[in-house]
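Data first, discussion second: the structure below is written as structure tokens.
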Amino acid sequence: MKRIWILLLFPCWVSAQNYGNLSGGRSAAMAHSSVAIEDVWAAHHNQAALAWLKKPEMGLSYENRYFLKDLAIGNSAFVYPTEWGTLGLSMSYFGFELYNQSKFGLNYSRAFGRFFSFGLQVNYENFYVSEGTTTSGAVTYEAGIIGKPLPGLNIGFHIYNPTSQLKNTLTEETLPYIGRLGVRYEFSKDAALHAEVRKQQELPERYALGFEYRLIEILSLRTGAALQPLTNTFGLGLKFASFRTDLAYEYAQVLGSNATISLQYEF
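So for the sequence shown, this note's numbering puts the first residue at 8; every next one is plus one.
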């Protein structure tokens with residue numbers, strides 16, 4: 008019975024969310040105000056930020072949405088910096104045997120001097136509906152830029168799926184385009200503020216604010232808040248040598264609670 012209700016609610020849920028742009032415990036702990044963050048999860052948030060990474064890095068993320076197993080989201084990413092730019096890939100999976108979505112992306116990013124970078128990703132996206140055995144897929148793309156006008160200040164912009172090619176046969180709608188604009192400002196080596204506005208096609212703007220503070224060398228504390236929907240978040244990050252673990256809890260008014268864990272390794 009629970010799965011029947013989930014399937015009935017899927018059209019509304021899918022039209023209001025885009026799983027591919029929200030990944031990792033660090034981002035989740037700061038209400039996903041992450042378009043200007045330089046870490047491996049930029050493979051999902053803003054590929055231009057990958058251009059500033061110095062070492063190969065990989066990450067795995069699991070998000071338990073509303074504490075329902077069938078709405079869980081799995082994400083992964085891998086980046087490899089070279090002297091000609093940074094190469095990377097990203098993967099996402101969402102759903103269960105009655106309905107699921109998957110996404111596989113290849114990206115390239117490059118910094119131009121010390122103040123600007125550009126990134127581009129090409130995706131293959133697919134969704135499956137068991138009723139009638141409906142499967143559909145399409146190629147989408149996304150791109151982003153990062154500007155560094157002042158020391159400690161990142162300005163990020165990202166656009167996802169501007170052509171809206173992939174159609175959802177449950178709702179007869181295409182995947183929406185999504186634009187994100189945000190900043191990250193480092194007050195010091197231990198404290199940073201994040202702010203972002205996100206516009207999804209046919210939905211109101213979403214405003215998000217996040218803050219992180221490195222309490223000690225291995226422990227960072229984070230919190231955030233967002234509007235549309237009203238959301239409160241908090242979490243922490245643990246770093247041991249080349250390993251990092253990030254945990255987050257989100258509570259959205261009406262929708263409910265999410266929990267996220269992610270693991271990263273720097274080679």
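The beta-carbon is built from N, C-alpha and C at its ideal position, and this holds for glycine as well.
Source: prediction; values computed, not measured.
For residue i, the residue or residues it bridges with in DSSP
i      : result
Thr93  : Pro88, Ser116
Tyr214 : Val204, Leu234
Ala150 : Leu127, Ile166
Ser40  : For Ser40, which the question treats as bridged, DSSP gives no partner whatsoever.
Leu67  : Ser83, Leu270
Leu157 : Leu160
Ser99  : Asn82, Lys110
Ser143 : Phe134
Glu104 : Its beta-bridge partners do not exist; DSSP assigns none.
Leu243 : Leu228, Leu254
Glu219 : Ala199, Arg229
Delimiting residues of the beta strand (DSSP E) encompassing residue i
i      : result
Gly189 : 185–193
Ala198 : 198–207
His52  : Premise fails: His52 lies in the alpha helix (DSSP H), 49–52, not in any beta strand (DSSP E).
Ser124 : 123–136
Gly31  : That residue, Gly31, is in no beta strand (DSSP E); it is neither H nor E in DSSP.
Ala56  : First-last for Ala56: undefined, no H or E at that position.
Ser269 : 263–273
Phe328 : One cannot answer for residue 328 here, as it falls past the ends of the chain, which runs 8 to 274.
Leu75  : Per DSSP, Leu75 belongs to no beta strand (DSSP E) and is neither H nor E.
Buried versus exposed call for residue i [16 or more other C-beta atoms within 10 Å across all chains shown]
i      : result
Ser143 : exposed
Ala50  : buried
Asp197 : exposed
Trp91  : exposed
Gly263 : exposed
Glu212 : exposed
Val42  : buried
Ile224 : The amino acid occupying residue 224 in the given sequence is Glu; Ile does not appear at that position. By the 10 Å Cβ count, Glu224 comes out exposed.
Ser227 : buried
Gly159 : exposed
Ser249 : exposed
Glu132 : buried
Thr170 : exposed
Phe134 : buried
Arg121 : exposed
Glu209 : exposed
Leu222 : exposed
Thr267 : buried
Ser269 : buried
Glu104 : exposed
Phe74  : exposed
Enclosing alpha helix (DSSP H) for residue i [first to last residue]
i      : result
Ala232 : Counting along the chain, Ala232 falls outside any alpha helix (DSSP H), though it belongs to the beta strand (DSSP E) covering 226–234.
Whole-number beta carbon distance between residue j and residue i, since they are thought to touch under 8 angstroms
i      : j      : result
Ala259 : Pro236 : 5 angstroms
Gly32  : Gly163 : Wrong, their Cβ atoms sit about 19 angstroms apart, outside the cutoff.
Ala58  : Ser109 : Their Cβ separation, rounded to whole angstroms, is 26 angstroms, which puts Ala58 and Ser109 out of contact at 8 angstroms.
Thr240 : Thr230 : 7 angstroms
Ile44  : Arg191 : 6 angstroms
Ala84  : Gly66  : 5 angstroms
Ala38  : Ala233 : 4 angstroms
Val47  : Glu64  : 4 angstroms
Tyr87  : Gly95  : 7 angstroms
Glu193 : Ser40  : Their Cβ separation, rounded to whole angstroms, is 14 angstroms, which puts Glu193 and Ser40 out of contact at 8 angstroms.
Phe274 : Lys62  : 6 angstroms
C-beta neighbour in chain C for residue i, strict 7 angstroms
i     : result
Trp91 : In the displayed structure, chain C is absent; only one protein chain is listed.
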